[in-house]
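Data first, discussion second: the structure below is written as structure tokens.
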Ligand code: BG6
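Below you can see the structure in the form of structure tokens.
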């Protein structure tokens, strides 16, 4: 029996843009996803865009009943900035009504809301001002955060500033995967620094309001494993860790950027403009807790050809990906499944980050074509997903036994939802959605997870 600590949070995560729908309803302004889909629909799987979601905006009450049916005691979603403040300044009353009703309904069902402020969905007019490259947008975010705390802070006791802030950096400014589809390391570093600054400012604003809750940040931590113990491989893994994990983990939890990262950026003329006042602000406004999204590790090896030219530098200029021959893949998403990674993350947090309270904010397995696993009662027999959760939870349990300060486990996701580029290709939910009727059907993993949540273990 794997028994978890009393009061452990069992839940699921989602985000506004991926679930709400109503992209053009009730005064919501466009965000970069609405706009990008309008101009380049072919970039999205099967041409399905953010208007076409599970319509949580409409069905949230019934969906909260469904959460109850699988015994969730917590749920994380985000507020849509462009719904709450369509012009960045004036509060949209319809949005306030929606989020109030949603939060109230969750609380009435004994489901703790964890509310996140930014999940990849920059309002379009803010992007036009430069997005995270602009300090004006950092200030606008702070205003949005303050507005949200003032509106909902009497009820919401766990806030997070960002979900995976490295993703807009990587996908939007290094890889041409997300809008604005830029490839420029220098600009990417500015985006990362300003997002970090925005997060610290929001933490300060929250504390200044003296509300009696906690504020954290959600990071996707990808443990970086070197191919071998050779000096070159270890250095490669260290650099990957600096870029993709420690660039947000260290300032968020310890209040300081790793000196090795700063030196590396300086050497390659990539330093953003920083001032002492902002660095102090980051130092003084570290988070109360961490959310960790974990899907896959990163395996690297020493770079084969040295290509560190300043004009075209990218993180990959410092290491090569390593394909571990023993790796086990989720072939649909193309991500390695490595359960022990969760234990390694927990140990790292315990040993190097003051054992700060943290929870697994996302963990899950996206599978294509799940319909083929339907039984005669229309239930998807997703035993592979149950096995995935079970194996991760065993490692998490071991970490907790060894003293890790982990307070919860959220799956990604509750109901199959729209994903940024893959739309509905890979399904992650405890519930399946029929896209034609928008009907939801519990999967076998929903039943299983409900049992685990009810017994606080398995
Ligand atoms: C996380 C994000 O990175 O992974 C989610 O926070 C996302 O928004 C999830 O949907 C799964 O990734 P994907 O690309 O398969 O949807």
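Residue numbers (this note's numbering): 45 to 502.
Backbone N, C-alpha and C define an ideal beta-carbon position, used for all residues, glycine too.
Everything numeric in this text was worked out from a predicted model, so none of it was measured.
Residue i beta carbon near the ligand BG6 (any heavy atom closer than 6 Å)
i	result
residue 208	yes
residue 470	yes
residue 410	yes
residue 463	yes
Beta-carbon separation (whole angstroms), residue i vs residue j, contact threshold 8 Å
i	j	result
residue 386	residue 436	5 Å
residue 160	residue 204	4 Å
residue 162	residue 101	So it is not a contact: roughly 19 Å between Cβ atoms.
residue 449	residue 407	Their Cβ separation, rounded to whole angstroms, is 17 Å, which puts residue 449 and residue 407 out of contact at 8 Å.
residue 292	residue 266	Between residue 266 and residue 292 the Cβ distance is about 12 Å, and since that is not below 8 Å, they are no contact.
Inter-residue spacing [alpha-carbon to alpha-carbon] between residue i and residue j
i	j	result
residue 354	residue 362	Interpretation of residue 354 is limited by its pLDDT of 47, a score under 50 that renders its predicted location unreliable; the figure taken from the coordinates is listed afterwards. The alpha-carbon atoms of residue 354 and residue 362 are separated by roughly 12 Å.
residue 218	residue 225	8 Å
residue 373	residue 290	26 Å
residue 418	residue 186	46 Å
residue 97	residue 476	13 Å
residue 335	residue 121	13 Å
residue 325	residue 317	15 Å
residue 368	residue 276	17 Å
residue 305	residue 456	31 Å
residue 235	residue 222	14 Å
residue 196	residue 438	36 Å
residue 322	residue 249	14 Å
residue 178	residue 384	39 Å
residue 170	residue 493	39 Å
residue 377	residue 424	19 Å
residue 452	residue 404	6 Å
residue 480	residue 148	30 Å
residue 220	residue 84	13 Å
residue 392	residue 303	18 Å
residue 173	residue 180	8 Å
residue 503	residue 487	This structure cannot settle anything about residue 503, because the visible part of the chain is limited to 45 through 502.
residue 460	residue 467	10 Å
residue 140	residue 124	11 Å
residue 133	residue 388	43 Å
residue 216	residue 227	8 Å
Close-in-space but distant-in-sequence residues of the same chain around residue i (CB under 6 Å, 5 per side omitted)
i	result
residue 327	299
residue 503	No statement about residue 503 is possible, as the shown extent of the chain runs from 45 to 502 and does not include it.
residue 340	379, 380
residue 429	409, 489
residue 243	205, 206, 261
Own chain, CB closer than 7 Å to residue i, minus 5 neighbours either side, in chain order
i	result
residue 281	268, 269, 270, 344
residue 77	61, 94, 165
Sequence-distant residues of its chain with Cβ nearer than 8 Å to residue i (five each side left out)
i	result
residue 117	53, 54, 55, 154, 155, 156, 497
residue 50	500
residue 135	128, 129, 191, 195
residue 444	48, 49, 390, 450
Neighbour flag for residue i against chain B, beta carbons, 7 Å
i	result
residue 278	No chain B appears in this structure, which consists of one protein chain only.
- Which full runs of the alpha helix (DSSP H) of 4+ residues lie inside the segment 276 to 352, going along the chain? 303 to 311, 320 to 328
- Item | Within the segment 227 to 265, ranges of the alpha helix (DSSP H) (whole runs, at least 4 residues) | Runs of the alpha helix (DSSP H) inside the segment 227 to 265: 229 to 252.
- At what residue ranges does the segment 185 to 226 contain a whole run of the alpha helix (DSSP H), taking only runs of 4 or more? 210 to 217
- In the segment 87 to 152, which residue ranges form an unbroken beta strand (DSSP E) of at least 3 residues, counting only runs that do not cross its ends? 118 to 122
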